[in-house]
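K.L.:
Just dropping this structure here.
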Amino acid sequence: MVYPPIVVPNQIGSISRSFSLGTSSFDIDNLYSPGNVFSDSLVLDLASPKYVPNKKYIFCRSGNDNNGTITGAVWIQLPSGIWYLAFDGTDDRVNIIHASSLNAVLVITYIVWVRPTITWQDTTGFHQIFDKRSDAGGIVPTFLYSDTSNTLAMFSGTTCATGTKASFAAGTWFMVAGMAVDGVVGGAGNKVWINGMDDTSATDTATFATNTDDLVIGASFADPGYSNFLKGGVALGRQFSRSFTDAEIFSIFNRERHLFGV
């Protein structure tokens, strides 16, 4: 049941605030029904909290307990009821402690909504979205980022998929997605999407590697410090262990866009 925005009791007798999220066909806490190709391959699912969010943690609803610890980033709520994390571009990040499920095997796909608070790239450097790498100089597994040419890119040993979009405008929500397939010469199957549309301009061979480092959202990890801090908002971050078709990505975009006023 979806309650109106009034104080209602929860199951243990304390009070919580629940909001209508404008989702008539599904609850945002369960975007995909159990037992299908989406949920079975869902490694990380950082869905919007249903109630007032925890300031220290963001919880994973994939069943893998890949919960994140928030450093600096703050929760903001959209008119639709969706909560997102705002990163300041200076030192904010989310750390998800290593689990074997977070290491890419054969194929990886990231899907996430982002909202730049400056036009990427008005400044030099990168805006890191997802990053799971070993320490400085080590092997770098797959991650998704906006690079110094204002494009979206996936990296796994090489920049294995690069987009064409000229810029990500400040104050605008975008659904971005990236996919990499391990070891396919030339990068066939590696893609990036923006707002449900294939934006890939170039590919190269992805080489997956495993490590025991955190998955970081909003920054790059290079022991002992962090860099490439993202300046903007992040919502509904997901990692899948399967490939996606253009039609599937477009369907997800259409299902969620109204939550972000797109």
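Here the working numbering is used: the first residue of the sequence shown is 0, the next is one more, and so on. Glycine included, C-beta positions come from ideal geometry on N, C-alpha and C.
Pull up the DSSP beta-bridge partners for W82, would you.
P.N.:
Counting from 1 along the sequence shown, the entry for residue 82 is found at position 83. According to DSSP, which records beta bridges pairwise, W82 is partnered with Q76.
K.L.:
Taking the alpha-carbon positions, what's the D212 to F142 distance?
P.N.:
Here residue 212 is taken as the residue at index 213 of the sequence shown, counted from 1. Here residue 142 is taken as the residue at index 143 of the sequence shown, counted from 1. So the alpha carbons of these two residues sit roughly 13 Å apart.
K.L.:
Cα separation between N66 and T199?
P.N.:
The sequence position of residue 66 within the sequence shown is 67, counting from 1. The sequence position of residue 199 within the sequence shown is 200, counting from 1. For N66 and T199, the distance between alpha carbons rounds to 31 Å.
K.L.:
Distance, Cα to Cα, A208 vs L214?
P.N.:
Here the question's residue 208 lines up with position 209 in the sequence shown. Here the question's residue 214 lines up with position 215 in the sequence shown. Cα to Cα, A208 sits roughly 14 Å from L214.
K.L.:
In the structure shown, what three-state DSSP assignment does L229 receive?
P.N.:
As a first step, residue 229 must be located in the sequence shown, where it is residue number 230. L229: coil per DSSP, three-state reduction.
K.L.:
Could you please give the first and the last residue of the uninterrupted beta strand (DSSP E) stretch that includes I107?
P.N.:
The residue you call residue 107 lines up with position 108 of the sequence shown. Counting along the chain, the beta strand (DSSP E) containing I107 begins and ends at 106-115.
K.L.:
Please state the DSSP three-state secondary structure of I96.
P.N.:
Taking the sequence shown and counting its residues from 1, the one referred to as residue 96 is at position 97. Correct three-state label for I96: coil.
K.L.:
Straight-line CA distance for F86 to Q76?
P.N.:
Within the sequence shown, numbered from 1, the residue matching residue 86 stands at position 87. Within the sequence shown, numbered from 1, the residue matching residue 76 stands at position 77. Taking the straight line joining both Cα atoms gives about 14 Å.
K.L.:
Kindly indicate if chain C contains any beta-carbon less than 8 Å away from that of S40.
P.N.:
Included in the structure is just one protein chain, with no chain C present.
K.L.:
Give the range of the alpha helix (DSSP H) segment to which D245 is assigned.
P.N.:
Mapped onto the sequence shown, residue 245 falls at position 246. Per DSSP, D245 belongs to the alpha helix (DSSP H) from 245-255.
K.L.:
For T204, which residues of its own chain have a beta-carbon under 8 Å away from its beta-carbon, when the five flanking residues on both sides are left out?
P.N.:
Reading the sequence shown from its first residue, position 205 is the one you call residue 204. Here the set comprises G156, T157, C159, G182, V183, V184, G185, G186.
K.L.:
Would you mind reading off the limits of the beta strand (DSSP E) that contains F154?
P.N.:
As a first step, residue 154 is located in the sequence shown; it is residue number 155 there, counting from the start. Element bounds for F154: 151-154.
K.L.:
Of the residues V180, W192, F167, which one's Cα is nearest the Cα of T161?
P.N.:
Position 162 of the sequence shown, counted from the first residue, corresponds to residue 161. T161 has its Cα closest to that of W192, out of V180, W192, F167.
K.L.:
Just curious, the beta strand (DSSP E) that F142 is in, first and last residue?
P.N.:
Here residue 142 refers to the residue found at position 143 when the sequence shown is read from its first residue. Run containing F142: 142-145, per the beta strand (DSSP E) assignment.
K.L.:
Please tell me whether A176 and N189 are closer than 8 Å, where the distance is taken between their beta carbons.
P.N.:
Looking up residue 176 in the sequence shown gives position 177. Looking up residue 189 in the sequence shown gives position 190. No; because the gap between Cβ atoms is not below 8 Å, this pair is not in contact.
K.L.:
Can you tell me which residues form a DSSP beta bridge with K190?
P.N.:
Mapped onto the sequence shown, residue 190 falls at position 191. According to DSSP, which records beta bridges pairwise, K190 is partnered with M178.
K.L.:
Tell me the DSSP secondary structure of G185 in three-state form.
P.N.:
Indexing the sequence shown from 1 puts residue 185 at position 186. Helix, per DSSP.
K.L.:
Could you please give the first and the last residue of the uninterrupted beta strand (DSSP E) stretch that includes L43?
P.N.:
Residue mapping note: residue 43 aligns to position 44 of the sequence shown, counting from 1. L43 -> beta strand (DSSP E) spans 41-45.
K.L.:
So L229 and I128 are supposed to be a Cβ contact under 8 Å. How far apart are they, rounded?
P.N.:
Position 230 of the sequence shown holds residue 229. Position 129 of the sequence shown holds residue 128. Yes, they are in contact, since the Cβ atoms of L229 and I128 sit about 6 Å apart, within 8 Å.
K.L.:
At the level of alpha carbons, what is the spacing between F220 and H257?
P.N.:
For the purposes of this step, residue 220 is taken as the residue at position 221 of the sequence shown. For the purposes of this step, residue 257 is taken as the residue at position 258 of the sequence shown. Each residue's Cα considered, the two are about 33 Å apart.
K.L.:
If you drop the 5 nearest sequence neighbours on each side, which residues of the same chain put their C-beta closer than 6 Å to that of F249?
P.N.:
Translated into positions along the sequence shown, residue 249 becomes position 250. Here the set comprises G195.
K.L.:
Cβ of P115 within 8 Å of Cβ of A168?
P.N.:
Stepping through the sequence shown from its first residue, residue 115 is reached at position 116. Stepping through the sequence shown from its first residue, residue 168 is reached at position 169. Cβ atoms of P115 and A168: closer than 8 Å.
K.L.:
Taking G67 as part of the beta strand (DSSP E), name the residues at either end of that continuous run.
P.N.:
Taking the sequence shown and counting its residues from 1, the one referred to as residue 67 is at position 68. Residues 67-70.
K.L.:
Please classify A246 as buried or exposed, where buried requires at least 16 other C-beta atoms within 10 Å of its C-beta.
P.N.:
For this step, residue 246 is matched to residue 247 along the sequence shown. Classification for A246: exposed.
K.L.:
Pick helix, strand or coil for S38, following the three-state DSSP scheme.
P.N.:
For the purposes of this step, residue 38 is taken as residue 39 along the sequence shown, with counting starting at 1. The answer is helix: DSSP assigns S38 an H, G or I state.
K.L.:
In three-state DSSP terms, what is T22?
P.N.:
Here residue 22 is taken as the residue at index 23 of the sequence shown, counted from 1. Summary for T22: the model assigns pLDDT 36, below 50, so the residue's position carries little reliability; its value from the coordinates is reported in the next sentence. In this structure, T22 counts as coil in the three-state DSSP scheme.
K.L.:
Kindly list the residues whose CB is nearer than 7 Å to the CB of P52, restricted to its own chain and excluding five residues on each side of it in sequence; keep chain order.
P.N.:
Sequence index remark: in the sequence shown, residue 52 carries index 53 (1-based). Once the five neighbours on either side are set aside, the close Cβ partners of P52 are W74, W82.
K.L.:
Which whole-angstrom value describes the C-beta separation of G231 and V113, a residue pair presumed to lie in contact below a C-beta threshold of 8 Å?
P.N.:
Residue mapping note: residue 231 aligns to position 232 of the sequence shown, counting from 1. Residue mapping note: residue 113 aligns to position 114 of the sequence shown, counting from 1. At roughly 6 Å, the Cβ-Cβ gap stays under 8 Å, so G231 and V113 are in contact.
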